[in-house]
Structures are given as C-alpha cells and as structure tokens.
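J.: Numbering (our numbering), first residue to last: 27 to 209.
Right, I'll just put the structure down here and ask away after.
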Amino acid sequence: MQLKDCIQVYDHVMAYEHIGGLIKWLNTQKFTAATTVGGINTKIRKAENLGMTNNSKSQTMVHWHNYLHFNFSKYLQDYKTKFPKLSFHNHFDITALKYEKTGHYSYHHDSSWEIMRTMSCILMLNNDYEGGDLSFADQNNKEILKVEKQSNRMIIWPSNFLFPHAVLPVKEGKRYSIVAWAF
27 MQLKDCIQVY DHVMAYEHIG GLIKWLNTQK FTAATTVGGI NTKIRKAENL GMTNNSKSQT
87 MVHWHNYLHF NFSKYLQDYK TKFPKLSFHN HFDITALKYE KTGHYSYHHD SSWEIMRTMS
147 CILMLNNDYE GGDLSFADQN NKEILKVEKQ SNRMIIWPSN FLFPHAVLPV KEGKRYSIVA
207 WAF
C-alpha cells in the first residue's frame with residue numbers, strides 16, 4: 027500500500043441543492059482571517075474562516091453544523107471500514123473556508139503536539155474558480171496526488187505528518203470548502 031491509498035475521495039456526498047443553500051448562507055456570514063500556528067501569516071496561509079458550532083445563537087448555523095457533522099460521520103465510518111485499525115472518536119471541529127484570488131495554504135499537516143487531530147476531511151463546495159487545487163506531497167514536498175476540484179467532493183486522510191498537503195493559489199473566483207478534523 028502507498029501513502030496516497032490512504033487518501034480517500036468520495037463524490038456526491040450531499041444533495042446538490044443543499045450545497046447551493048450552504049454556499050448561499052456562507053455568502054451572508056462574516057469570515058475572519060485564517061491563522062497558522064504563529065498567528066496570521068499570509069505568506070503561509072491566505073484564507074478566511076468561519077468556525078461552525080452547534081452551540082450558536084444562530085439556528086441556521088446549528089442546522090448546518092449538525093447536517094455537516096452527520097455527513098462527515100457517515101463517510102468517516104466508511105473510511106474506518108477500509109482501515110479498521112484506525113482509532114478516532116466522532117468528535118469534530120468544523121470550519122468553513124473561503125479562498126479568494128491569490129488565496130492559498132502552503133504545505134502543512136493537520137496534527138501537532140498542541141492539537142492532536144487524528145483524521146482530516148475536506149468537503150469541496152464549488153468548482154467555479156481557477157487554481158486552488160488540493161495537493162498532497164511526500165516528505166520532500168514532491169507532489170504525490172493532486173485532487174481534481176469537483177463540487178460536492180469529500181476527501182479524507184490521516185492528519186499526521188505523513189500527509190503534508192496544500193491549497194495552491196486561487197487564480198480567479200472564490201473557493202469554498204468545509205474542513206473537519208476528528209480527534
């Protein structure tokens with residue numbers, strides 16, 4: 027088995043009208059600058075995020091959080107059947123991300139001593155932008171897999187240091203995605 031075999035891609039994970047409704051709602055929300063371990067550093071990461079919680083005053087956010095949690099849980103369980111030795115809980119952090127023109131995130135991995143994530147998930151919401159590809163690399167930053175952008179596509183992989191990944195710069199348009207991490 028190769029490392030890229032542990033990167034699973036699922037298509038058509040939600041109803042397309044739900045994707046459209048979610049994007050429409052996200053367009054009404056106030057995003058904030060996304061940070062890295064050292065704070066805001068646009069040389070490493072240029073994106074905006076919106077933390078999503080089921081403990082919000084907004085019932086619409088609670089709805090979307092719960093709906094997304096359900097979908098991430100379903101596909102993580104499928105992943106677990108393919109890799110039964112994995113151990114993770116059904117507890118997630120869920121965040122909406124928006125990358126506008128020149129938005130990017132340099133190669134990184136999702137787990138650290140400060141935040142011990144087990145599994146990473148990205149739900150691509152749209153594909154009407156240029157650039158912004160999700161790219162996985164080996165430890166020498168040699169690309170091993172570029173995930174073709176497609177609306178309603180979920181990608182799941184282990185959060186550890188073996189899976190550095192990046193969002194390449196957006197050339198035109200806005201890239202929307204939902205990220206979730208299981209612990």
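By construction, the Cβ of each residue, glycine as well, lies at the ideal position given by its N, Cα and C atoms.
In chain order, what residues of the same chain have a beta carbon less than 7 Å from the beta carbon of residue 40, not counting five sequence neighbours either side?
T.: Here residue 40 refers to the residue found at position 14 when the sequence shown is read from its first residue. The residues are 97, 178.
J.: Out of 71, 79, 37, which one is the CA nearest neighbour of residue 196?
T.: Numbered from its first residue, the sequence shown carries residue 196 at position 170. Comparing alpha carbon positions, the residue from 71, 79, 37 closest to residue 196 is 71.
J.: Shortest alpha-carbon distance to residue 46 belongs to which of 90, 68, 143, 66?
T.: Numbered from its first residue, the sequence shown carries residue 46 at position 20. It is 90.
J.: Since residue 93 is in the beta strand (DSSP E), which residue starts that stretch and which ends it?
T.: In the sequence shown, the residue the question calls residue 93 occupies position 67. From DSSP, residue 93 is part of no beta strand (DSSP E) but of the alpha helix (DSSP H) over 85-108.
J.: Can you find the residues in the same chain that come closer than 7 Å, C-beta to C-beta, to residue 92, ignoring five residues on each side of it along the sequence?
T.: Reading the sequence shown from its first residue, position 66 is the one you call residue 92. Hits under 7 Å: 80.
J.: Between the C-alpha atoms of residue 157 and residue 198, what's the straight-line distance to the nearest angstrom?
T.: Within the sequence shown, the letter at position 131 stands for residue 157. Within the sequence shown, the letter at position 172 stands for residue 198. Residue 198 has its alpha-carbon roughly 7 Å from the corresponding atom of residue 157.
J.: Return yes when the Cβ of residue 73 is within less than 8 Å of the Cβ of residue 147, no when it is not.
T.: Here residue 147 refers to the residue found at position 121 when the sequence shown is read from its first residue. Here residue 73 refers to the residue found at position 47 when the sequence shown is read from its first residue. No, they are not a contact pair.
J.: Roughly how many angstroms lie between the CA atoms of residue 126 and residue 200, to the nearest whole one?
T.: As a working mapping, residue 126 is identified with position 100 in the sequence shown. As a working mapping, residue 200 is identified with position 174 in the sequence shown. If you take the alpha carbons of residue 126 and residue 200, they lie about 5 Å apart.
J.: Counting Cβ pairs, one atom from each stretch, are 3 or more of them under 8 Å apart for the stretch 106-121 and the stretch 48-58?
T.: Contact between the stretch 106-121 and the stretch 48-58 is absent, because fewer than three Cβ pairs lie under 8 Å.
J.: Output needed for residue 37: all residues of its chain with C-beta closer than 6 Å, excluding positions within five of it in sequence on either side, in chain order.
T.: Stepping through the sequence shown from its first residue, residue 37 is reached at position 11. Here the set comprises 179.
J.: Under three-state DSSP, which class holds residue 43?
T.: By 1-based counting over the sequence shown, the position of residue 43 is 17. It is helical.
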